[in-house]
Every structure is written in C-alpha cells, then in structure tokens.
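Numbering (the numbering used here), first residue to last: 2 to 220.
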DNA sequence: TACATGATGCCCT
DNA sequence: GGGCATCATGTAG
C-alpha cells in the first residue's frame, strides 16, 4: 500500500492551470488522490484525501465574501495559486485559487496521507515515531489530518507560501498527479463554519483512515 | 482605535 | 465531550 517516492517518480506530472480554472466544486473533487509536493530542505510528498470547496463572493462562508482585500486577494487572482491564512491565533490553512482572474473561488486542503519525507513531516509536527515501519495508523494520522496539522507538517506559512504558483516547476510547492485512482468520494457539509453550514461542499476519499475527525467519516 | 470572532488543535475530564 | 490558547482581520464607532 505504501509507495516509495522513487516508485512515483516515473509517472508523476504537474497539473496545469486549466485544471484550476473551473468551478471549485469540480476542482475539489478532482484534487482528491493528487499529490502535494514540497521541495525544500527535505522532499515531502503527501496524497490529498480531504478538501472543501469555497465558492467566492456569493458563498457567505468563504473569505472572498468580504470582497477583494489585502488578505484574500489571491482568491481573486489567476487560478492555481496558494492562498494561506492564519486562523485562531495558532494555525495556517492552505488553499488553492480557482476560476479566472476577477472571479473568486478556492479549495481548502483539509487532510493528507503522508507518502514521502514522513519522518521530516512528523518532526515538523513534533511527533515521535520510534519505528516508521511499525508505526500505528493512529500515530501517522496525527501528522496531517486537519488543515492546521497538514500546514505544519509541510512548513506552510502565509509569509513563506501565500501567492505561490502550484503549477510552476520553479515553485517549491506544487500539486502533481500519478496513476492513482480514487475509488469512492464521500460528500458532507463543511467543518467548523457557521454561515452556509448546510451546503455539502466537503469531499473526502471514502474509507481513507487519514481523513480528519474522530470516526474518519464525519465530525 | 477598539472589539468580537474564526475554514483549529490540544489537553484535560 | 468540552474548555482554552492566541492573533490577524474586518467592522463598528
């Protein structure tokens, strides 16, 4: 089940900008199973298993609902760029912009399945993993199941990553795909919001043990 | 200039 | 299952 980075190397290719120039709901669903990649001091790879769509100015729960401001301007820019914001005085959350210039919309990354650089991600989270091969799934899940957790695992901050191009080979933060096929997708309401809380815009890979929340189903 | 609050996670019961 | 840390942002005054 677990793949080494070298096994993925021959088949991976970056997503292009047209992938992101679509309705956030389509982008969100299609992002499941893709790979988030960080090339920095360490080489990090993790599979996207849970996301949420934020629709833009007409979505009361979206940051873009406030209009174009200094904070959220990436959402109004071209598609395929990183929107990072700081929340609850503690956490960073990572999004990708969707739709053409001038039309706001985005997808929030909520949970990842660690693929490569697992020891480095665990260290960034201050999680002790004595033996990677024997590590319990419950321990691996702590690394990146949740928006704040996965940002910490990938070293994502607003200062470092806001406005980065996910589709450029010159970027150290990219989204790529391999031959992985998603078998099933579950759709539920979004987490942790008050406005428009009933809309089913949260997507995750059915049965993935790396989805956020206690039962890995709902929360 | 002040204030209320949030696309959260951790720790304690 | 619930309280709380902690601060940037938006909005009201």
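Every residue, glycine too, gets a C-beta built ideally from N, C-alpha and C.
Judged by DSSP in its simplified three-state form, residue 37 adopts strand. In the DSSP assignment, residue 45 falls within the unbroken beta strand (DSSP E) covering 44-55. Taking 8 Å as the cut-off, the beta carbon of residue 177 is found no closer than this to the beta carbon of residue 112. As computed with DSSP, residue 71 is found in no beta bridge at all. Residue 129 sits in coil when the DSSP states are folded into three classes, being neither helix nor strand. For residue 145, the uninterrupted alpha helix (DSSP H) segment begins and ends at 138-145. In the displayed model, residue 169 falls within coil according to three-state DSSP, outside both helix and strand. Spanning the alpha carbons of residue 70 and residue 103 requires a straight line of approximately 13 Å. For residue 107, the enclosing beta strand (DSSP E) starts and ends at 107-117. Here the alpha carbon of residue 86 sits roughly 8 Å from the alpha carbon of residue 72.
For the pair residue 171 and residue 81, the CB atoms are not nearer than the 8 Å cut-off.
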